[in-house]
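**Q** Numbered per the working numbering, the sequence shown spans residues 6 to 233.
Glycine residues also receive a C-beta, built at the ideal position from the N, C-alpha and C atoms.
Here the structure is a predicted model, which is why all the values come from computation and not from measurement.
Can you read through this structure? Questions will come right after.
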Amino acid sequence: MTEQTEKAARTEGTGRAEGTGRPEGAARTGGAGQAAETGQAEEAGRSEGAGQSEKPFLYVVVCAAGIAVDVSKLITAAQERNWAVGVIATPVAAGFFDTAAVEAQTGRPIRSAWRAPGDPRPFPAPDAIVVAPATFNTINKWAAGTADTLALGTLCEAYGLGVPIAVLPCVGEALTAHPAYAASLERLRGMGVRFGDPYAGDEGADGGRPEFRWERALELLPPRGGEG
Numbered sequence: 006m007t008e009q010t011e012k013a014a015r016t017e018g019t020g021r022a023e024g025t026g027r028p029e030g031a032a033r034t035g036g037a038g039q040a041a042e043t044g045q046a047e048e049a050g051r052s053e054g055a056g057q058s059e060k061p062f063l064y065v066v067v068c069a070a071g072i073a074v075d076v077s078k079l080i081t082a083a084q085e086r087n088w089a090v091g092v093i094a095t096p097v098a099a100g101f102f103d104t105a106a107v108e109a110q111t112g113r114p115i116r117s118a119w120r121a122p123g124d125p126r127p128f129p130a131p132d133a134i135v136v137a138p139a140t141f142n143t144i145n146k147w148a149a150g151t152a153d154t155l156a157l158g159t160l161c162e163a164y165g166l167g168v169p170i171a172v173l174p175c176v177g178e179a180l181t182a183h184p185a186y187a188a189s190l191e192r193l194r195g196m197g198v199r200f201g202d203p204y205a206g207d208e209g210a211d212g213g214r215p216e217f218r219w220e221r222a223l224e225l226l227p228p229r230g231g232e233g
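In structure tokens:
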């Protein structure tokens with residue numbers, strides 16, 4: 006399966022979701038070139054100005070689902086909770102939301118590709134990661150340890166770094182029946198990843214769709230220092 010298959014996510018709803026425990030502080034995995042590129046491994050990667058770096062930094066990983074058009078709601082909620090935010094999009098997802106508006110909102114470029122050697126790291130290391138919306142394709146590839154995009158490489162490396170991760174799946178009911186999906190959820194839960202509630206995204210009788218609770222992703226993250 007390739008990342009381009011996320012185009013199918015335009016019609017995706019959500020998957021099964023379970024709350025999980027805090028990510029384990031597992032040992033750092035092997036030093037692949039892609040993993041080192043993600044900008045998470047070293048504190049030296051912090052290239053932010055003094056004012057920005059004072060805030061904890063949240064990576065928002067966006068996948069290709071229709072609900073991604075409203076990702077600015079998650080960014081607003083995170084900023085209201087004193088997070089600085091950087092957005093990483095899967096290659097297809099960048100066409101699902103207003104990238105210019107999101108870059109203006111975060112004050113940082115959206116990342117979707119590996120940076121060139123010698124280029125400065127645009128984001129500091131993450132204090133936490135939110136994946137929303139998370140598609141069938143991304144969840145399965147992540148659980149399998151596939152790191153063929155910046156988004157997936159970032160997620161795979163985060164486990165070895167002990168970075169807490171919260172996920173809001175957006176997977177259609179037909180896809181959730183696939184046995185690979187249940188196995189992927191089980192593996193990721195075992196890695197400490199926290200999942201939000203199911204979201205089918207199907208239209209109701211009135212043509213509307215149920216609310217996607219973006220704020221839930223932030224609620225799933227463990228409390229930061231000074232929080233109750």
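Tell me the residue span of the alpha helix (DSSP H) that contains Pro234.
**A** The displayed coordinates of the chain run from 6 to 233. Any statement about residue 234 would go beyond what the structure contains.
**Q** So which of Ala98, Leu79, Thr154, Thr104 has the shortest CA-CA distance to Glu224?
**A** On the sequence shown, residue 224 is found 219 positions in, with the first residue counted as 1. Cα-wise, what sits closest to Glu224 is Leu79.
**Q** May I ask you to report which of helix, strand or coil DSSP gives Val90?
**A** Numbered from 1 along the sequence shown, position 85 holds the residue referred to as residue 90. DSSP places Val90 in strand when its eight states are reduced to three.
**Q** Go ahead and pull the three-state DSSP assignment for Phe102.
**A** For the purposes of this step, residue 102 is taken as residue 97 along the sequence shown, with counting starting at 1. In the structure shown, Phe102 sits in coil (DSSP, three-state: anything other than H, G, I, E or B).
**Q** Between the Cα of Gly91 and the Cα atoms of Ala98, Glu191, Val67, which residue gives the shortest distance?
**A** Working through the sequence shown from its first residue, we reach residue 91 at position 86. Minimum Cα distance to Gly91 is reached at Val67.
**Q** Relative to the alpha-carbon of Lys146, which residue among Ser189, Ala70, Ala121 has its alpha-carbon at the smallest distance?
**A** Taking the first residue of the sequence shown as position 1, residue 146 is located at position 141. Nearest of Ser189, Ala70, Ala121 to Lys146, Cα basis: Ser189.
**Q** Using the Cα positions of Ala118 and Leu160, report the straight-line distance between them to the nearest angstrom.
**A** In the sequence shown, residue 118 corresponds to position 113, counting from 1. In the sequence shown, residue 160 corresponds to position 155, counting from 1. Distance between the alpha carbons of Ala118 and Leu160 is about 14 Å.
**Q** Between Glu191 and Gly197, what straight-line distance do the alpha-carbon atoms span, to the nearest angstrom?
**A** Within the sequence shown, residue 191 is the residue found at index 186, counting from 1. Within the sequence shown, residue 197 is the residue found at index 192, counting from 1. Rounded to whole angstroms, Glu191 to Gly197 spans 10 Å at the Cα level.
**Q** By the 10 Å Cβ neighbour count, where 16 or more other Cβ atoms means buried, how is Gly213 classified, buried or exposed?
**A** Numbered from its first residue, the sequence shown carries residue 213 at position 208. Classification for Gly213: exposed.
**Q** Under 8 Å by Cβ, that's how I've got Pro122 and Pro114 pegged, so tell me the actual separation to the nearest angstrom.
**A** For the purposes of this step, residue 122 is taken as the residue at position 117 of the sequence shown. For the purposes of this step, residue 114 is taken as the residue at position 109 of the sequence shown. The distance from the Cβ of Pro122 to that of Pro114 is about 18 Å, inconsistent with a contact at the 8 Å cut-off.
**Q** Are the CB atoms of Leu63 and Ala133 within a distance shorter than 7 Å?
**A** Reading the sequence shown from its first residue, position 128 is the one you call residue 133. Reading the sequence shown from its first residue, position 58 is the one you call residue 63. Going by C-beta atoms, Ala133 is nearer than 7 Å to Leu63.
**Q** So, with DSSP's three-state summary, where would you put Val107?
**A** For this step, residue 107 is matched to residue 102 along the sequence shown. In this structure, Val107 counts as helix in the three-state DSSP scheme.
**Q** Determine the DSSP secondary structure at Ala139, reduced to helix, strand or coil.
**A** Counting from one through the sequence shown, the residue named residue 139 turns up at place 134. DSSP places Ala139 in strand when its eight states are reduced to three.
**Q** List the whole-angstrom C-beta distance separating Trp219 from Ala156, where the pair is believed to meet the contact cut-off of C-beta under 8 Å.
**A** Here residue 219 refers to the residue found at position 214 when the sequence shown is read from its first residue. Here residue 156 refers to the residue found at position 151 when the sequence shown is read from its first residue. That belief does not hold up - the Cβ atoms of Trp219 and Ala156 are roughly 18 Å apart, past 8 Å.
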